[in-house]
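Visitor: Count the sequence shown with the working numbering and you get residues 14 to 407, in order.
Yeah, the Cβ is synthetic: ideal placement off N, Cα and C, and Gly gets one too.
Nothing here was measured: the structure is a model prediction, and the numbers come from that model.
I am attaching a structure below and will ask some questions about it afterwards.
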Amino acid sequence: MVRWFANNFGLMVLAVLLAFAVWLVSAWQEDPITEEVVMGRVVIAGLDPSTTLLSNSLPTTVTTRIRAPRSVLQSLAAGGVKVDVNLADLSEGDHVITLTPSLLLEPATVLSSQPATSSVTIQKLVSRTLPVVLKLEGLPALGFRQLLPTITPSQVIITASRQAISQVVQVSGNIFMEGTRADVAQIVRIFPRDADGSIVSNVSLEPGSVAVSVTVEQLSNYKDLAVKVEREGQPANGYAVTGISSDPPIVTVFGARDVITALQGFIQTQPVSIANRTADVSELVSLNVPPNVSLLSGLQVSVTIKIEPIQGARTVTSKIELIGVPVGSTATPSPTTVDIVLSGSLPLLNSLKDEDVRVIIDVKDFKPGLNVVEPQIVKPDGITVQSVQPATFR
């Protein structure tokens, strides 16, 4: 037995090697080893965004050429390659980071990766407190003045890198005051600015806006007066005044302080005649300026007085007219008259004659016997039929 084993040992080893070779070839055919380019994601750790600023961004992916069995490559392509970058121990300043891919599955070999390195700049964030400066654009209306604005909060905290924060000389916002005649209250966005007034980027503000209120008051020798339009006469019968307006509705006068203080709150126009008018009146009318005062604007205002017909209602009784009665036939409505309630302007209703409103029934398509029908009402334009009684006829 020992002699047989010794004589056949070489053949046994050869058989094992041949079997392994056959298995290796079969495995290679089923899952061949190949090369592919796989994207690896870059994972950054150790960076506290509240205290540290990464000036130069790292790439988000790394292109990696890998050699491995096809099944392994397929798994690696589905997120099995990553590049871990730990910035926790880096000091402030410029650094070159090595981007080394790690594989979550084996067997596999990294042949190359691009980029292999990346430059980053680590900057520590610093904070400062600065007062808010408000710039008022324009001036209030003539005769008014603005007081110093109230800003809430009056100071803000700015946070940025040392380089960026050193450029900030002012935190400011703008508010528009041109032509204002009343107090202004707004939420104003503020910006960090350098010595030239340009906005400094990569600077955060807390808060980013402030509440601003500016008191606007009239000077003691100026006064706003409402324009009161005076009228003469009455519109034509059946018409009424439906609106009065002036442009401008308010005028400003100025003079000695005691004279201005004694003025009432309005100023009258010269009378505008609307006697027997049936349409709107639009005119330039002079103002009755009180003595010892002057107007900032012109001495005339544009006045519009709207005049419209008075609306009313009227009931008329009309006979029914039958049309389309076939030759040799007769038709009789029941009842023979109808009451109609009409609405419209009084002048039009008052001028209405009985023959202006007709009630017509067309019987040409009626069948012999009893028929129920709604009449057709013929009336002038501008008149509306409110109701018909009765509404149907036989």
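Around the Cβ of Lys-377, are there at least 16 other Cβ atoms within 10 angstroms (buried) or fewer (exposed)?
Guide: exposed
Visitor: DSSP three-state call for Thr-350: helix, strand or coil?
Guide: Reduced to three states, the DSSP call for Thr-350 is strand.
Visitor: Can we say the segment 229-241 touches the segment 270-287, given the rule of at least three CB pairs closer than 8 Å?
Guide: yes
Visitor: Would you check if the distance between the CB atom of Ser-226 and the CB atom of Ala-198 is smaller than 9 Å?
Guide: yes
Visitor: Quick check for students: name the residue ranges of the beta strand (DSSP E) that lie wholly in the segment 86-115, counting only runs of 3 or more.
Guide: 94-99 and 106-111
Visitor: So that I know if they touch, is there some Cβ in chain D lying closer than 9 Å to that of Arg-83?
Guide: Chain labels in this structure do not include chain D; a single protein chain is all it has.
Visitor: In three-state terms, what does DSSP make of Val-272?
Guide: Correct three-state label for Val-272: helix.
Visitor: Please classify Ala-208 as buried or exposed, where buried requires at least 16 other C-beta atoms within 10 Å of its C-beta.
Guide: exposed
Visitor: Taking the alpha-carbon positions, what's the Val-412 to Lys-392 distance?
Guide: In the structure as shown, the chain begins at 14 and stops at 407. Residue 412 is therefore absent and cannot be evaluated.
Visitor: The beta strand (DSSP E) that contains Gln-180, what's its start and end?
Guide: Segment 175-180 is the alpha helix (DSSP H) holding Gln-180; no beta strand (DSSP E) there.
Visitor: Suppose you measure from the CA of Ser-331 to the CA of Ile-318; what does that come to, to the nearest Å?
Guide: Each residue's Cα considered, the two are about 39 Å apart.
Visitor: Using the three-state DSSP reduction, which class does Ser-310 fall into: helix, strand or coil?
Guide: Taken through DSSP and simplified to helix, strand or coil, Ser-310 comes out as coil.
Visitor: Note down, in chain order, each residue of its chain lying with its Cβ closer than 8 Å to the Cβ of Val-139, except the 5 sequence neighbours on either side.
Guide: Thr-172, Ala-173, Ser-174, Arg-175 and Ile-178
Visitor: What are the uninterrupted segments assigned as alpha helix (DSSP H) that are 4 or more residues long and contained completely in the segment 324-405, given in chain order?
Guide: Entirely contained in the segment 324-405, the alpha helix (DSSP H) runs reaching 4 residues are, in chain order, 359-363.
Visitor: Starting from Pro-205, trace the beta strand (DSSP E) in both directions and tell me its first and last residue.
Guide: Per DSSP, Pro-205 belongs to the beta strand (DSSP E) from 204-206.
Visitor: With 16 as the cutoff for other CB atoms within 10 Å, does Phe-189 come out buried or exposed?
Guide: Flag for Phe-189 reads exposed.
Visitor: Can Pro-360 and Ile-374 be called in contact, C-beta distance under 9 Å?
Guide: no
Visitor: Thinking C-beta only, is Asn-187 closer than 9 Å to Lys-148?
Guide: Cβ atoms of Lys-148 and Asn-187: closer than 9 Å.
Visitor: Give the secondary structure of Ser-222 by DSSP, where H, G and I count as helix, E and B as strand, and everything else as coil.
Guide: strand
Visitor: So, for Gly-59: in the same chain, excluding its five sequence neighbours on each side, which residues have a beta-carbon less than 6 Å away from its beta-carbon?
Guide: Asn-99, Leu-100 and Ala-101
Visitor: Is the segment 262-270 touching the segment 299-314 in the sense that three or more CB pairs, one from each, lie closer than 8 Å?
Guide: yes
Visitor: Between the alpha carbons of Trp-36 and Val-96, how many angstroms are there, rounded?
Guide: Low confidence applies to Trp-36: its pLDDT is 49, below 50, so where it sits in the model is not reliable, and the reading given next is rough at best. Their Cα atoms are separated by approximately 35 Å.
Visitor: Going straight from the alpha carbon of Ala-154 to that of Ile-203, what length do you get?
Guide: Answer to the nearest angstrom: the Cα atoms are 26 Å apart.
Visitor: Thinking C-beta only, is Val-169 closer than 9 Å to Pro-220?
Guide: yes
Visitor: Closest to Asp-369 by C-alpha separation, out of Thr-328, Thr-343, Thr-47 and Thr-291, would be which residue?
Guide: Thr-328
Visitor: Taking Cβ positions, are Ser-233 and Ile-273 nearer each other than 9 Å?
Guide: yes
Visitor: Kindly list the residues whose CB is nearer than 6 Å to the CB of Val-294, restricted to its own chain and excluding five residues on each side of it in sequence; keep chain order.
Guide: For Val-294, where only same-chain residues beyond five positions count, the Cβ hits under 6 Å are Ile-287 and Ile-318.
Visitor: Distance check for Val-223 and Asn-215, CA to CA, integer angstroms please.
Guide: 20 Å
Visitor: Can you round the beta-carbon distance between Ile-320 and Thr-291 to whole angstroms, since I take them to be within the 8 Å contact cut?
Guide: 7 Å
Visitor: Leaving out five residues on either side along the sequence, give the residues of the same chain with a beta carbon under 6 Å from the beta carbon of Gly-325.
Guide: Leu-359 and Leu-362
Visitor: If I'm right that Val-123 touches Thr-77 with Cβ under 8 Å, what's the distance once you round it to whole angstroms?
Guide: Contact holds; Cβ gap of about 6 Å.
Visitor: Per the DSSP calculation, Ser-131 is bridged to which residue(s)?
Guide: Ile-110
Visitor: Output needed for Gly-106: all residues of its chain with C-beta closer than 8 Å, excluding positions within five of it in sequence on either side, in chain order.
Guide: Thr-134 and Ile-135
Visitor: Alpha carbon to alpha carbon, how far is Ile-263 from Ala-249?
Guide: Ile-263 and Ala-249: Cα-Cα distance of roughly 30 Å.
Visitor: Drop a sphere of 10 angstroms on the beta-carbon of Leu-218, count the other beta-carbons inside from all chains shown, and report buried for 16 or more, exposed for fewer.
Guide: buried
Visitor: Do Val-229 and Leu-160 have their CB atoms nearer than 9 Å?
Guide: yes
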